[in-house]
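Asks: Residues 503 to 1368, numbered by our numbering, are exactly what the sequence shown covers, in order. From the three backbone atoms N, C-alpha and C, an ideal C-beta is built for every residue, glycine too. Here the structure is a predicted model, which is why all the values come from computation and not from measurement. Shown below is the structure under consideration.
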Amino acid sequence: MRRRLRSLSALLSTVAAFSGGTLLLAATPARAAAPSGAGERMVVEAKEMVYDDKKNTVTARGQVQILYKGRLLEADRVVYDRNTSRVFAEGHAKLTETDGTIARAERFDLTDDFKAGFIESLQVDTPQNTHMSAARAERAGDETTFDMGAYTACEACKDDPSKPRTWVVKAKRIIHDNVEKMIYYEDATFELLGTPIAYVPFWSSADPTVKRKSGFLTPVFTYRSQLGAGFGVPYFWAISPNSDLTVTPTIFTSQGPFLTAEFRKRFENGGFSIRAEGTHVGNPGAFAPPPLGARDREWRGAIQSLGEFALNDRWKFGWDITALSDRYFLQDYKQYNYLLQNYFFRESSSTIYLTGQGPRSWFDLRGYYFQGLSPNDIQAQQPVVHPVGDYNRVFDVDPKKTGGIGGQIEIDANVTSTSADIANYESINPRTLDRLYGLYNVCQVYAPNADPNRSQCLLRGVGGAYEHATLSGNWKRKVIDPVGGVWTAFAFARFVGSYLDYDREGVYPAYNNFWQPIPNANQGLFFNGQDQRFRGQATPGFGAEWRYPILARSPIGNIVFEPIAQLVARPNQTSIPSLVNMDAQSLVFDDSTLFEWSKFSGYDRFETGTRLNYGGQATLSLANGGFINAMLGQSSQVAGANSYAQADAANVGLNSGLNSRVSDIVGRFAFAPNAFVSFVAKGRFDKTDLNARRIDLFSTFNFDPVTLQLQYANYASQPAIGFDVRRQGLSATGRYDITKNYFLNGTVTFDMSRYLYNGLTQQPALYTNFTGINLIGTAPLFSVAALGAGVGYHDECTTLSINYSQIYQPQSYTGLPARNQSVMVTLSFRTLGEARFNYGLGSVLVNDGVRNAGPGGSYGGSGIQY
């Protein structure tokens, strides 16, 4: 057999010629193969082959397998008719395509290349776990037509295959075009759990192998009282393999049209996206007037761009930029904008950055622009960062080259440049507020060194330009003494410099009669009779830390005790080397900061003097992998002035638990007996009476089918930094899997401090004049700050979720504090798409006992740009 065989006809004819008319191999399998002109091989294998010269047919029987051009045809019996060049396969007939798609049928009637023909009782299963079936189908090249067909991405029930699948699309005709990668449905009915719920005369969807294809996406439905009913149909345009555009026009019954467009493009080293959305407001009166809302705007919108590119394997450049027409746009149109992921989001942040990372080094340079989203924000107070740069490098010291010193050296550098139009002064007495609208919490007079004014006013941000640079280096080495003690010696040096160009010329309109420099007064921090724009400081230091781990064995596990002591010595100099404090206004003294060389959070403040930190911890390791850990410690100022008792313009350090010579006591207790339960408690306690000053509790429970997470916080009042009452809150998040497919989930957050303000504030005229009702009321101990509950169903092909949310947000048409309620329904069918419906249940003004109280106020034009 020397001639080339190009088809099943040639192959079986050759096999028949060798048999002299009839070939019968019953005892051993018959196999025949031949090379094709394209270098491919065709293989036929069966228990027996029979050639009928009268009918001019070749029949293969018994576990027949025919492999040709990547396709595999299997059946109990295959007949090839040489007169018509057709192949008939029956009996457990199965055809496997090159992509893994499997077609099963009672009978195949195909051409000899398997590309065309008729099929009876067809069932097609794809590698993507989608299924199509029909009583009869016709195959013509790369197109298959299913008569009275059905399509689903759901699996049959394993226990009862006769049960209806979750959903099925049934149609008079289903056409699968394997070239266009599309599925077309004619006279289609959508069935859910065996019940028809929708009918469409014509419909199409992408082939399940398609990840992106031009076409219309699932419509979006919504309702909100200020907007009315909304209906949008996204259109996706796959411009090229690495770029696409999605355009979503949305129509509202009570507002103007809303248009969203998003362009995405990928490159070999990164990609970017641009999303723009906007609307012409049809009914501006549905929103609150300024400064509580955007009633004065007819054109509103937002632009966002995200991008990141890898310059090489170590350097990346990127951006995340958002521009809004007004601060209320995201709130009023939030259900159409994915920018607002957090309901308590109060500012929009834009950044451009360059980062680099080596094996033991890191560099980050970025600029920031912030846009306030709350009615209480004055945009001129928002700082612009241009830029902030950080560099960190760690490397080992070779003891052979340093006379046996060895150890590790770390270099850290920071450069920050910011500017703002006006200063951000904050009254720390909530009853001392601005006269304008009762919104802005500012000080009437700021005199840093003139008590008692200093204790009533904080400087959160400076007006003008401010530059700050820090360079620090440290060395440390760890050694173990003969008795097992672990010693860490360290030394460091820190150099800082700052420049302040404070804007002291004009007074911003919002502060007329409220902020005035005091003539002939000692302004200290800024004026002091001289122009002190430059500040600088060098702070060297050294110290040592000692730990002595002690191992003890017990019947329930191993216990490790570890006493710890740390001494840090620095010069007795001021701990306020910068003119202002911009980046170190958050100070939390707890177990995580006890052994830090400086417990301040940023670069503008740093510990000075000599401080001793001491404590200990113990860990019990259980045999089942669980553990119990406890830690207790304290800090003392040994020599020099206490940095935390030296208040800066933001009073940072006061009421921190560190502002006395001997600090409060901090501790931690963690308990995880197994993989299903964990509990962590962290606290700060008064050193004299052990009263709790700060408590944080975290716990998780995961006992299938219930998952629960709890968090509780209780912080004592800190009047010096603006918290004149105790802060307390509780949150709980849980999920209950009712069955394998059905679940319940919920979350609730309680503000347990709100009731402490009952009766402390007066009713401002703004609220009574605008609404005609008294909005103060009283708040209970468990005031709900956020509430959500949901129910859902999910399986391999369907996801349904119904979620209710209740959150604090300003009311759209009044701008007053309110509880906003909404219901979100999401229904997703795998391979078909997702449908979403958002229904706003409206908002209710909150009677919570808390209002910004001022000496009066009413709406009116002020000419002020906020």
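Take the Cβ of I676 as the centre, count every other Cβ of all protein chains shown within 10 Å, and call the residue buried at 16 or more, exposed below.
Replies: As a working mapping, residue 676 is identified with position 174 in the sequence shown. With 16 or more other Cβ atoms within 10 Å, it is buried.
Asks: According to DSSP, is G787 helix, strand or coil?
Replies: In the sequence shown, the residue the question calls residue 787 occupies position 285. Helix, per DSSP.
Asks: Mark G1155 as exposed unless 16 or more other C-beta atoms lie within 10 angstroms of its C-beta, in which case mark it buried.
Replies: Numbered from 1 along the sequence shown, position 653 holds the residue referred to as residue 1155. It counts as buried.
Asks: On the criterion of 16 or more Cβ atoms from any shown chain inside 10 Å, does T603 qualify as buried, or is it exposed?
Replies: Translated into the one-based positions of the sequence shown, residue 603 becomes position 101. Buried, since its Cβ has 16 or more Cβ neighbours within 10 Å.
Asks: Between the Cα of L624 and the Cα atoms of G1104, Y653, T600 and Q630, which residue gives the shortest distance?
Replies: Counting from one through the sequence shown, the residue named residue 624 turns up at place 122. Per the Cα distances, Y653.
Asks: What does DSSP give as the partner residue(s) for K818 in the beta ladder?
Replies: The sequence position of residue 818 within the sequence shown is 316, counting from 1. According to DSSP, which records beta bridges pairwise, K818 is partnered with A812 and T857.
Asks: From which residue to which residue does the beta strand (DSSP E) around D1093 run?
Replies: Taking the first residue of the sequence shown as 1, we reach residue 1093 at position 591. No beta strand (DSSP E) holds D1093; DSSP gives it neither H nor E.
Asks: Determine the direct distance from the alpha carbon of G773 to that of A812, and round the result to whole angstroms.
Replies: As a position in the sequence shown, residue 812 is number 310, starting the count at 1. As a position in the sequence shown, residue 773 is number 271, starting the count at 1. Approximately 9 Å between the Cα atoms of the pair.
Asks: What's the call for D1003, buried or exposed, on a 16-neighbour Cβ count within 10 Å?
Replies: On the sequence shown, position 501 is the one that residue 1003 refers to. Counting Cβ neighbours within 10 Å, D1003 comes out exposed, since fewer than 16 surround it.
Asks: Starting from the Cα of V670, find the closest Cα among N680, E682, H678 and E657 and give me that residue.
Replies: Here residue 670 refers to the residue found at position 168 of the sequence shown. Nearest C-alpha to V670: E657.
Asks: Nearest to T1316 by alpha carbon, out of A796, I1052, Y1217 and L1124?
Replies: Counting from 1 along the sequence shown, the entry for residue 1316 is found at position 814. The shortest Cα separation from T1316 among A796, I1052, Y1217 and L1124 belongs to A796.
Asks: Kindly indicate the opening and closing residues of the alpha helix (DSSP H) around F1102.
Replies: Here residue 1102 refers to the residue found at position 600 when the sequence shown is read from its first residue. Note, F1102: premise wrong, no alpha helix (DSSP H); not H, not E.
Asks: Could you have a look at S587 and say whether DSSP puts it in helix, strand or coil?
Replies: As a first step, residue 587 must be located in the sequence shown, where it is residue number 85. Coil.
Asks: Are the beta-carbon atoms belonging to G1118 and I1066 less than 8 Å from one another?
Replies: The sequence position of residue 1118 within the sequence shown is 616, counting from 1. The sequence position of residue 1066 within the sequence shown is 564, counting from 1. Going by C-beta atoms, G1118 is nearer than 8 Å to I1066.
Asks: Going along the chain, which residues of its own chain have a beta-carbon closer than 7 Å to the beta-carbon of K767, five neighbours each way excluded?
Replies: Within the sequence shown, residue 767 is the residue found at index 265, counting from 1. These residues qualify, in order along the chain: N744, S745, G773 and F774.
Asks: Could you please give me the residues that DSSP links to V670 through a beta bridge?
Replies: Mapped onto the sequence shown, residue 670 falls at position 168. Note: V670 sits in a beta bridge opposite E693.
Asks: Tell me the start and end of each unbroken beta strand (DSSP E) in the stretch 1215-1255 that is at least 3 residues and wholly inside, in chain order.
Replies: Taking only runs of at least 3 residues, the beta strand (DSSP E) segments lying wholly in the stretch 1215-1255 are 1229-1239 and 1244-1253.
Asks: Could you check what DSSP says for I1197 in three-state terms: helix, strand or coil?
Replies: As a working mapping, residue 1197 is identified with position 695 in the sequence shown. Three-state DSSP puts I1197 in a strand.
Asks: Straight-line CA distance for Q1087 to K902?
Replies: Here residue 1087 refers to the residue found at position 585 when the sequence shown is read from its first residue. Here residue 902 refers to the residue found at position 400 when the sequence shown is read from its first residue. Q1087 and K902: Cα-Cα distance of roughly 44 Å.
Asks: Can you tell me whether DSSP reads Y968 as helix, strand or coil?
Replies: Taking the sequence shown and counting its residues from 1, the one referred to as residue 968 is at position 466. Of the three classes helix, strand and coil, the one that applies to Y968 here is strand, per DSSP.
Asks: Is it right to say K1101 is buried, meaning 16 or more other beta carbons lie within 10 angstroms of its own, or is it exposed?
Replies: Counted from its first residue, the sequence shown places residue 1101 at position 599. So K1101 counts as buried.
Asks: State the start and end residues of the unbroken alpha helix (DSSP H) segment that holds Q833.
Replies: Here residue 833 is taken as the residue at index 331 of the sequence shown, counted from 1. F831 to D834 is the span of the alpha helix (DSSP H), which, as asked, contains Q833.
Asks: Can you tell me which residues form a DSSP beta bridge with V917?
Replies: For the purposes of this step, residue 917 is identified with residue 415 of the sequence shown, where counting begins at 1. According to DSSP, V917 bridges with G891 and A971.
Asks: Quick one: grab the DSSP three-state call for Q883.
Replies: Here residue 883 refers to the residue found at position 381 of the sequence shown. DSSP places Q883 in helix when its eight states are reduced to three.
Asks: Does the stretch 783-803 come close enough to the stretch 704-724 to have 3 or more Cβ pairs within less than 8 Å?
Replies: With the cut-off at 8 Å, the stretch 783-803 and the stretch 704-724 do not touch.
Asks: Using 8 Å for Cβ pairs, my map puts H976 next to E912. What's the rounded Cβ distance?
Replies: Here the question's residue 976 lines up with position 474 in the sequence shown. Here the question's residue 912 lines up with position 410 in the sequence shown. Per the sequence presented here, residue 976 reads as Asn, with His not at that position. Correct: roughly 5 Å between the Cβ atoms.
Asks: So, A637 versus D649, is the Cβ gap smaller than 8 Å?
Replies: Along the sequence shown, one-based indexing puts residue 637 at 135. Along the sequence shown, one-based indexing puts residue 649 at 147. Contact: yes.
Asks: Looking only at its own chain, which residues have a Cβ that is under 6 Å from the Cβ of Y1369, when we skip the five neighbours before and after it?
Replies: Given a span of 503 to 1368 for the chain in the structure shown, any question on residue 1369 remains unanswerable.
Asks: Pull up the distance between the alpha-carbon of R588 and that of L612, whole angstroms please.
Replies: Along the sequence shown, read from residue 1 onward, the residue named residue 588 stands at position 86. Along the sequence shown, read from residue 1 onward, the residue named residue 612 stands at position 110. Their backbone Cα atoms lie some 6 Å apart in a straight line.
Asks: On the DSSP letters alone, give me the boundaries of the beta strand (DSSP E) that A1151 sits inside.
Replies: Residue numbering aside, residue 1151 sits at position 649 when the sequence shown is read from its first letter. Unbroken run through A1151: none, as it is neither H nor E.
Asks: Between R1228 and the rest of its own chain, which residues show a CB-CB distance below 8 Å, the 5 nearest in sequence each way excluded?
Replies: The sequence position of residue 1228 within the sequence shown is 726, counting from 1. N1216, Y1217, A1218, S1219, S1255 and L1258.
Asks: I'd like the span of the beta strand (DSSP E) that includes A1174, first residue to last.
Replies: Reading the sequence shown from its first residue, position 672 is the one you call residue 1174. From DSSP, the beta strand (DSSP E) with A1174 extends over I1167 to A1174.
Asks: Write down every uninterrupted run of the beta strand (DSSP E) in the stretch 1038-1098 whose length is 3 residues or greater and which is fully enclosed by it, in chain order.
Replies: Taking only runs of at least 3 residues, the beta strand (DSSP E) segments lying wholly in the stretch 1038-1098 are 1052-1056 and 1059-1071.
Asks: Considering only residues of the same chain and omitting the five flanking positions on each side of C659, which have a CB-CB separation below 7 Å?
Replies: Within the sequence shown, numbered from 1, the residue matching residue 659 stands at position 157. Closer than 7 Å at Cβ, skipping near neighbours: K665.
Asks: Does the Cβ-Cβ distance between N1260 and A1287 come in under 8 Å?
Replies: Along the sequence shown, one-based indexing puts residue 1260 at 758. Along the sequence shown, one-based indexing puts residue 1287 at 785. Not in contact: N1260 and A1287 (Cβ atoms no closer than 8 Å).
Asks: Below 7 Å CB to CB, which residues in the same chain sit around E688 once its five sequence neighbours on both sides are set aside?
Replies: Mapped onto the sequence shown, residue 688 falls at position 186. Closer than 7 Å at the Cβ level, and outside the excluded window around E688, lie A673, K674, R675 and F704.
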